[in-house]
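Some notes on the structure that comes next.
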Amino acid sequence: MIRVLVVDDQTLVRQGIGSLLDLTDDIEVVGEADDGMTALAAIEELEPDVVLLDLRMPRHDGLWTLDALRERTGAVPPVLVLTTFDNDDLVLDAMRAGACGYLLKDVTLERLTKAIRVIADGGTLISPSITDRLLRAVRRRRSPVDAGLPPVQPLTERELEVLRLVAEGYSNREIAQALFLVEGTVKNHVSTVLMKLGARDRTNAVLRALRENILD
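Taking this note's numbering as reference, the numbering of the sequence shown is continuous, increasing by one, and the terminal residue is 261.
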C-alpha cells in the first residue's frame, strides 16, 4: 500500500483528493496538512511514501516546503506537485527544488494514481501539458548553480535510451522491462547518466538534459 500525505490549504481539495484515492486498492491517504510547516511535522510523524504538494499556500508555501525538505537529514519522501498553477518559471523552480513530478489539478484520477505509483517506485513524471513550457523555461534561465556545473560528458546510445525513459516517468523496473534488461543494469546506467550530467537526482538530470539539448 502506498501511503500518501496531501498538502493543500483548501480543505475541500484535501478531502476531494482523499475521497478519490480511496477508490484505489493500493493507495491510501494517511494524513493531511494545510501548509509547509504542518507538512514537515506530518512527514516526521507519519513517514508517508509520497507527498502531494500544492505550491500556492498563504503561509509556508510549496517552494518553502521543498527547500525545507532538501535541508533535512535522513529519509525524505518523494514529492509530487499537484497545483492549478502552470507558470513556466514556477514549474522550473519546483523541479529544481527537488519535486519528482508536476501535475495540474485538472488531471484525471487514472493519471494521478499512475503518477503516485511511478514516483513511489523512484520515477519522475511531468504533466504532458506543461512539458513544452518547462523546456522553454529551462533554456531561458541559467542559474548560478548551472554556471558552475562541469561540462556534460557524452552519453552512449544505451544511456540516452535510459535517459529518455527517465524523462517520460519510467521507474527502473519499467525501464528494465522496456529495454529487456535486468533492473540492476538499469540502476547502473542511471547512476552513470547522473554522473555524466553532473546531476544530483533524476529530476535534475532531465532538467539539464533539456537545457543542453540532449533531449528534444
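All residues carry an ideal CB built from backbone N, CA and C; glycine is no exception.
Please read these numbers as outputs of a predicted model, since none were measured by experiment.
- Just so you know, the alpha carbons of residue 159 and residue 251 end up roughly 20 Å apart.
- Non-local beta-carbon contacts of residue 87 in its own chain, meaning distances under 7 Å to residues more than five positions away in sequence, involve 50, 76, 78 in chain order.
- For residue 73, the enclosing beta strand (DSSP E) has its first and last residue at 72-78.
- For residue 49, the three-state secondary structure derived from DSSP is strand.
- When C-beta atoms of the segment 107-126 are compared with those of the segment 60-75, fewer than three pairs fall below 8 Å, so the two segments do not count as touching.
- In terms of CA proximity to residue 225, 206 leads the group 242, 206, 236, 48.
- Less than 8 Å divides the Cβ of residue 257 from the Cβ of residue 197.
- Under DSSP, no beta-bridge partner is assigned to residue 83.
- Going by DSSP, residue 260 is part of no alpha helix (DSSP H) at all; its letter is neither H nor E.
- Residue 197 carries a coil assignment under DSSP once its states are collapsed to helix, strand and coil.
- Taking the Cα positions, residue 153 is about 25 Å away from residue 141.
- The beta carbon of residue 241 sits closer than 8 Å to those of 197, 198, 199, 200, 204, all from its chain and outside the five residues before and after it, given in chain order.
- As DSSP reads the structure, residue 128 sits in a beta bridge with 149.
- Per DSSP, the unbroken alpha helix (DSSP H) holding residue 231 starts and ends at 228-242.
- Residue 218 holds the alpha-carbon nearest to the alpha-carbon of residue 229 among 218, 223, 239, 238.
- Spanning the alpha carbons of residue 248 and residue 169 requires a straight line of approximately 6 Å.
- Under the DSSP assignment, residue 97 falls in the beta strand (DSSP E) whose first and last residues are 95-98.
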